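Quick notes on the structure that follows.
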Amino acid sequence: MDSRESKSLPENAYETLAPGVTYQPVIPAKSAPPEVTARSVVWGLLFCVIFTVASAYSGLKVGQVMEAAIPISILAIGLARLYQRRSHLLENVIITAIGGVAGGVVAGAIFTLPALYSLNLHPHPVQTIFICLAGACLGILFIIPLRRYFVREMHGRFPFPEATAITEVLVTGEKGGAQAKLLIQATVVSGIYDFFVTTFNVWKEYVDFQFLPVMRDAAEKAKVIVKFDAIAFILGLGYVMGIRSSMILCAGGFLSNFVLVPLIWMVGRHVPDAVYPGTIPIAQMTAATIFSKYVRLVGVGAIATAGIFGIVKSLRIVAASFGVAAKAFRGGSGASQERTDRDVSVMAILLGTILSAVGIAAFYGTLGASWAVVAVALVLTLVFSFFFASVAANAIATTARNPVSGMTMLTIIVSSVILLRFGISGTTGMFFVMALAGMVCTALSISGQMITDLKTGYWLGSTPAAQEKVKFYGAIAASIAVGLTIVMLARVFQFGEKAPGDAREILAAPQASIMKAIVEGFMNRQPIAYFLFGTGAAIAIILEMVKVPALTFALGMYLPLELNTPALVGGIISYYVAKKSEKAGGETGRTMRERAVVIASGLMAGGALGGVFGAALRIPKWYREDLIQTPFYGNEAVSQGVSMLFFVGLCLYLWIDSTRRVGEK
Numbered sequence: 056m057d058s059r060e061s062k063s064l065p066e067n068a069y070e071t072l073a074p075g076v077t078y079q080p081v082i083p084a085k086s087a088p089p090e091v092t093a094r095s096v097v098w099g100l101l102f103c104v105i106f107t108v109a110s111a112y113s114g115l116k117v118g119q120v121m122e123a124a125i126p127i128s129i130l131a132i133g134l135a136r137l138y139q140r141r142s143h144l145l146e147n148v149i150i151t152a153i154g155g156v157a158g159g160v161v162a163g164a165i166f167t168l169p170a171l172y173s174l175n176l177h178p179h180p181v182q183t184i185f186i187c188l189a190g191a192c193l194g195i196l197f198i199i200p201l202r203r204y205f206v207r208e209m210h211g212r213f214p215f216p217e218a219t220a221i222t223e224v225l226v227t228g229e230k231g232g233a234q235a236k237l238l239i240q241a242t243v244v245s246g247i248y249d250f251f252v253t254t255f256n257v258w259k260e261y262v263d264f265q266f267l268p269v270m271r272d273a274a275e276k277a278k279v280i281v282k283f284d285a286i287a288f289i290l291g292l293g294y295v296m297g298i299r300s301s302m303i304l305c306a307g308g309f310l311s312n313f314v315l316v317p318l319i320w321m322v323g324r325h326v327p328d329a330v331y332p333g334t335i336p337i338a339q340m341t342a343a344t345i346f347s348k349y350v351r352l353v354g355v356g357a358i359a360t361a362g363i364f365g366i367v368k369s370l371r372i373v374a375a376s377f378g379v380a381a382k383a384f385r386g387g388s389g390a391s392q393e394r395t396d397r398d399v400s401v402m403a404i405l406l407g408t409i410l411s412a413v414g415i416a417a418f419y420g421t422l423g424a425s426w427a428v429v430a431v432a433l434v435l436t437l438v439f440s441f442f443f444a445s446v447a448a449n450a451i452a453t454t455a456r457n458p459v460s461g462m463t464m465l466t467i468i469v470s471s472v473i474l475l476r477f478g479i480s481g482t483t484g485m486f487f488v489m490a491l492a493g494m495v496c497t498a499l500s501i502s503g504q505m506i507t508d509l510k511t512g513y514w515l516g517s518t519p520a521a522q523e524k525v526k527f528y529g530a531i532a533a534s535i536a537v538g539l540t541i542v543m544l545a546r547v548f549q550f551g552e553k554a555p556g557d558a559r560e561i562l563a564a565p566q567a568s569i570m571k572a573i574v575e576g577f578m579n580r581q582p583i584a585y586f587l588f589g590t591g592a593a594i595a596i597i598l599e600m601v602k603v604p605a606l607t608f609a610l611g612m613y614l615p616l617e618l619n620t621p622a623l624v625g626g627i628i629s630y631y632v633a634k635k636s637e638k639a640g641g642e643t644g645r646t647m648r649e650r651a652v653v654i655a656s657g658l659m660a661g662g663a664l665g666g667v668f669g670a671a672l673r674i675p676k677w678y679r680e681d682l683i684q685t686p687f688y689g690n691e692a693v694s695q696g697v698s699m700l701f702f703v704g705l706c707l708y709l710w711i712d713s714t715r716r717v718g719e720k
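First residue of the sequence shown? That's 56 in the working numbering, and the numbers climb one at a time after it.
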């Protein structure tokens, strides 16, 4: 094999393929390089456990789950140089695939399982571990039939921001030279920038322009607030997303924050009583409260409906995937399938699903309910997990953001309504619903994370079946690690709110606290906000009618505005870089595009690393945000002005360093 094969991405890696053209990965399908080796598995499992424990603690404390895949890909590159035989590119893919499971399992666990403890339901450690493992296995099994659709058939139509960053890290680490220096430079700049701005009081991370009288009046009188998260990670994310996706994402945010929030305020402020699901009169609410209590539920309805459309659109490819796999199993025409398009057999998927279903049914059977209730709960678990696998994959492929909390909320709501009709309520009902939600939440988290790895492997030439098999290793390790971590923390901390007479310190567990409040409300038979969910569904239907990507728009409605606006800036820069590269043409234009993607990937990688270090630093008791504080931090005008000035500097860095003419890549 020519050494150059492992050092450059093809020109059409990020482009839609012309009819009849097949993408050729970095490592050709005819090659048989080392992938699943003792080295890659051991390091992958080690990183998986380390990042799982760290992410679980920091996530419960500050509500932020560490992004594991990008930092692990960087660590894999560094480890490759420690061996006499340098690790192969595809071994690094396997290390990242196993280690990256940490983020998915942790997100599923900390969003739901702490609620079992704060509800005083006292789950057994084995139950905690099983909920995580069952959900992770379902997420892996249900995303495999969707791989060919999202990864191969839709090549060039989804930006896959996180997969792009991981791929660029791995390829650039192999390539070395000027590109590697460029990636390291961008990673260091972003890592230092995001670490300090998110960890200490150096300048404001969030810019809302409230120091300007006109913006303050708009916020107070009309509840119109412009917010901007001025960090490098989202800038790089927006660049990789591109102008169209970032504009659609931001448009959803504009509808929520500049139309729906002010509209609800204008009408609702005249109502003297609280309007469900709010708990106080709308006249007393801030814009953020209106968004969280009402508008975000509209976004959940839109996401769910857009997900249904996504499932319908992908059914043909899912059926085809099963057909190809079935032929391979029977030794038919699929048996000659090339290495880079070979999944685990359909029989393995079916057997794994059956075993998972039996285990889940047995678990539900231990909770003291009838077998009819067990059957209903099992069906809900399987249907939601499969349905949300497509939603998660679509969301991650488009925006690198998985609507985990929204989909988990929907799971709790629907499951509670159905189980209540079967007479399940009280503590038994709460345990049933939260266990079910924990499995579904973990499944959709793993599905989103796994589609990123599969796309990375597709670009680089990994064997899908190898990636799919090692995911189970990571799932087992991460489930045991996060389950035992939560059990240990539950003995020394309280989750959520402080209980009377309990002297233990508090871990906020913000997402789990929300889920607890929802399940308690439903088990107390409070009304459901059907109108809000239905409004979101109507918006998604309208978007589909005018052929606008409904899920991207719905995600923009659901996510806080400050996460959407900087992504739009990155998308605008990508548009003008593309224009300038087209004008330059030839090798010069191609170099500009490559440099821009490398820098944007470095901004994402550095931002992820900075976030990891910042989250870890918050764990010790001696940590305080004011350990480093600038004299002007408390001055909103100066602090926000400095924040915007530095963000503009990042934009100029991305633009100037990517578009300058260089003699060598």
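C-beta: ideal position from N, C-alpha, C; glycine also.
Since we're looking at a predicted model, the values are computed, not measured.
Check whether LEU188 and ILE404 have beta carbons under 8 Å apart: Counted from its first residue, the sequence shown places residue 188 at position 133. Counted from its first residue, the sequence shown places residue 404 at position 349. If you check the CB distance, LEU188 and ILE404 do not come in under 8 Å.
Inter-stretch contact (C-beta, 8 Å, three-pair minimum) for the region 62-77 and the region 480-499: Touching, no, given that fewer than three Cβ pairs across the two stretches are closer than 8 Å.
Local Cβ density within 10 Å of SER311, reported as buried at 16 or more and exposed below that: In the sequence shown, the residue the question calls residue 311 occupies position 256. It is buried - the Cβ of SER311 has at least 16 other Cβ atoms within 10 Å.
Once you ignore the five residues that flank ASP284 on each side, which residues in its own chain have a CB closer than 7 Å to its CB? In the sequence shown, the residue the question calls residue 284 occupies position 229. Cβ neighbours of ASP284 beyond the five flanking positions: GLU260, TYR261, GLU617, LEU618, PRO621.
Could you check whether the region 132-148 touches the region 92-105, counting it as contact only if at least three pairs of C-beta atoms, one from each stretch, sit closer than 8 Å? Between the region 132-148 and the region 92-105 there are three or more inter-stretch CB-CB distances shorter than 8 Å, so the stretches are counted as touching.
In whole angstroms, what separates the C-alpha of PRO169 from that of ASN175? The residue labelled residue 169 in the question sits at position 114 within the sequence shown. The residue labelled residue 175 in the question sits at position 120 within the sequence shown. Here the alpha carbon of PRO169 sits roughly 10 Å from the alpha carbon of ASN175.
Other residues of its chain near ARG59: CB distance less than 6 Å, five sequence neighbours each side excluded: Indexing the sequence shown from 1 puts residue 59 at position 4. Only weak support is given to the placement of ARG59: the predicted model assigns it a pLDDT of 39, under 50, and the value that follows is read from those uncertain coordinates. Nothing listed; no residue qualifies.
Where PHE550 sits in the DSSP three-state scheme: Within the sequence shown, residue 550 is the residue found at index 495, counting from 1. In this structure, PHE550 counts as strand in the three-state DSSP scheme.
Leaving aside the five residues before and after THR253 along the sequence, list all residues of the same chain whose C-beta is less than 8 Å from its C-beta, in chain order. If you number the sequence shown from 1, residue 253 lands on position 198. Apart from sequence neighbours up to five positions away, the residues of its chain that approach THR253 with a beta-carbon distance below 8 Å are GLU260, ILE286, GLY665, GLY666, GLY669, ordered along the chain.
Might you give, ordered along the chain, the residues of its own chain that have their beta carbon closer than 7 Å to the beta carbon of ASN449, omitting 5 neighbours on each side? The residue you call residue 449 lines up with position 394 of the sequence shown. Sequence-distant partners of ASN449 (beyond 5 residues in either direction) whose C-beta falls short of 7 Å from its own C-beta, in its chain, are GLY365, LEU606.
Report yes or no: do the region 136-143 and the region 674-686 share at least 3 C-beta pairs separated by less than 8 Å? Taking 8 Å as the limit for Cβ pairs, the verdict is that the region 674-686 does not touch the region 136-143.
Is the separation between the beta-carbon of LEU437 and that of HIS210 shorter than 8 Å? Here the question's residue 437 lines up with position 382 in the sequence shown. Here the question's residue 210 lines up with position 155 in the sequence shown. The Cβ-Cβ distance between LEU437 and HIS210 does not fall below 8 Å.
For VAL353, three-class secondary structure by DSSP: To locate residue 353, count along the sequence shown from 1; it is residue 298. Helix at VAL353.
Under 8 Å, with one C-beta from each stretch per pair, do the region 322-330 and the region 608-615 reach the 3-pair mark? Under the Cβ criterion (8 Å, minimum of three pairs), the region 322-330 does not count as touching the region 608-615.
Would you kindly work out how many angstroms separate the C-alpha atoms of GLN549 and SER173, rounded to a whole number? For the purposes of this step, residue 549 is taken as residue 494 along the sequence shown, with counting starting at 1. For the purposes of this step, residue 173 is taken as residue 118 along the sequence shown, with counting starting at 1. Distance between the alpha carbons of GLN549 and SER173: 7 Å.
Cβ shell of PRO582 (< 7 Å), same chain only, five flanking positions each side left out: Taking the sequence shown and counting its residues from 1, the one referred to as residue 582 is at position 527. Excluding its 5 nearest sequence neighbours in each direction, PRO582 has C-beta neighbours in its own chain below 7 Å: TYR331, listed in chain order.
Pull up the DSSP beta-bridge partners for ASN256, would you. Against the sequence shown, residue 256 aligns to sequence position 201. Looking at the DSSP assignment, ASN256 forms a beta bridge with GLN684.
Please determine, among VAL459, SER534, PHE687, the residue with the shortest C-alpha to C-alpha distance to VAL446. As a position in the sequence shown, residue 446 is number 391, starting the count at 1. Of all alpha-carbon atoms in VAL459, SER534, PHE687, the one lying nearest the alpha-carbon of VAL446 is that of VAL459.
Excluding the 5 residues preceding and the 5 following TYR631 in the sequence, name in chain order all residues of the same chain whose CB lies nearer than 8 Å to its CB. Position 576 of the sequence shown holds residue 631. Cβ neighbours of TYR631 beyond the five flanking positions: TRP710.
Rounded to whole angstroms, what is the Cα-Cα separation between ALA342 and ASN690? Position 287 of the sequence shown, counting from 1, holds the residue named residue 342. Position 635 of the sequence shown, counting from 1, holds the residue named residue 690. Near 23 Å, if we compare the C-alpha coordinates of ASN690 and ALA342.
Just mark ARG715 as buried or exposed, buried being the case when its beta carbon has 16 or more other beta carbons within 10 Å. Position 660 of the sequence shown, counting from 1, holds the residue named residue 715. Counting Cβ neighbours within 10 Å, ARG715 comes out exposed, since fewer than 16 surround it.
By a C-beta neighbour count over all protein chains shown, 10 Å radius and 16 as the cutoff for buried, is GLU637 buried or exposed? As a working mapping, residue 637 is identified with position 582 in the sequence shown. Counting the other Cβ atoms within 10 Å of the Cβ of GLU637 gives fewer than 16, which makes it exposed.
With C-beta atoms as the reference, is LEU658 less than 8 Å away from ALA455? The count along the sequence shown starts at 1 and reaches residue 658 at position 603. The count along the sequence shown starts at 1 and reaches residue 455 at position 400. The Cβ-Cβ distance between LEU658 and ALA455 does not fall below 8 Å.
Just tell me which of THR482, LYS526, ALA357, GLY503 has its CA closest to the CA of PRO604. The sequence position of residue 604 within the sequence shown is 549, counting from 1. Checking every option, the nearest Cα to that of PRO604 belongs to ALA357.
Apart from the five residues just before and just after ALA338, which ones in its own chain have a Cβ nearer than 7 Å to its Cβ? Position 283 of the sequence shown, counted from the start, is the residue given in the question as residue 338. ARG324.
In the region 587-642, which residue ranges form an unbroken alpha helix (DSSP H) of at least 4 residues, counting only runs that do not cross its ends? Taking only runs of at least 4 residues, the alpha helix (DSSP H) segments lying wholly in the region 587-642 are 605-613, 616-639.
What do you reckon, are the CB atoms on PRO178 and LEU539 nearer than 8 Å? For the purposes of this step, residue 178 is taken as the residue at position 123 of the sequence shown. For the purposes of this step, residue 539 is taken as the residue at position 484 of the sequence shown. The criterion of a C-beta distance shorter than 8 Å is not satisfied by PRO178 and LEU539.
So for PHE283, helix, strand or coil by DSSP? The sequence position of residue 283 within the sequence shown is 228, counting from 1. In the structure shown, PHE283 sits in a strand (DSSP, three-state: E or B).
Give the secondary structure of TYR294 by DSSP, where H, G and I count as helix, E and B as strand, and everything else as coil. The residue given as residue 294 occupies position 239 in the sequence shown. It is helical.
Using only the alpha-carbon positions, how far apart do LEU352 and ALA277 sit? Position 297 of the sequence shown, counted from the first residue, corresponds to residue 352. Position 222 of the sequence shown, counted from the first residue, corresponds to residue 277. Their Cα atoms are separated by approximately 21 Å.
Between which residues of its own chain and ARG212 is the CB-CB distance below 8 Å, once the five residues before and five after are set aside? In the sequence shown, the residue the question calls residue 212 occupies position 157. Cβ neighbours of ARG212 beyond the five flanking positions: THR71.
Specify, as a first and last residue, the run of the alpha helix (DSSP H) that LEU315 falls within. Translated into positions along the sequence shown, residue 315 becomes position 260. Secondary structure note for LEU315: it is in no alpha helix (DSSP H), with a DSSP letter that is neither H nor E.
Cα-Cα, which of LEU193, ARG271, ILE129, ASN67 is closest to ALA220? Numbered from 1 along the sequence shown, position 165 holds the residue referred to as residue 220. The residue with the shortest Cα to Cα distance from ALA220 is ILE129.
Could you give the uninterrupted runs of the alpha helix (DSSP H) lying entirely in the region 102-173, keeping only those of 4 residues or more? The alpha helix (DSSP H) runs of length 4 or more contained entirely in the region 102-173 are, from start to end of the chain, 124-135, 144-154, 156-165, 168-173.
Proximity winner among ARG299, ALA191, ALA124, relative to LEU623 (alpha-carbon distances): Working through the sequence shown from its first residue, we reach residue 623 at position 568. Of ARG299, ALA191, ALA124, the smallest CA-CA separation from LEU623 is found for ARG299.
Taking Cβ to Cβ, would you say CYS103 is nearer than 8 Å to ALA533? Here residue 103 refers to the residue found at position 48 of the sequence shown. Here residue 533 refers to the residue found at position 478 of the sequence shown. Their beta carbons are under 8 Å apart, which means CYS103 touches ALA533 by this criterion.
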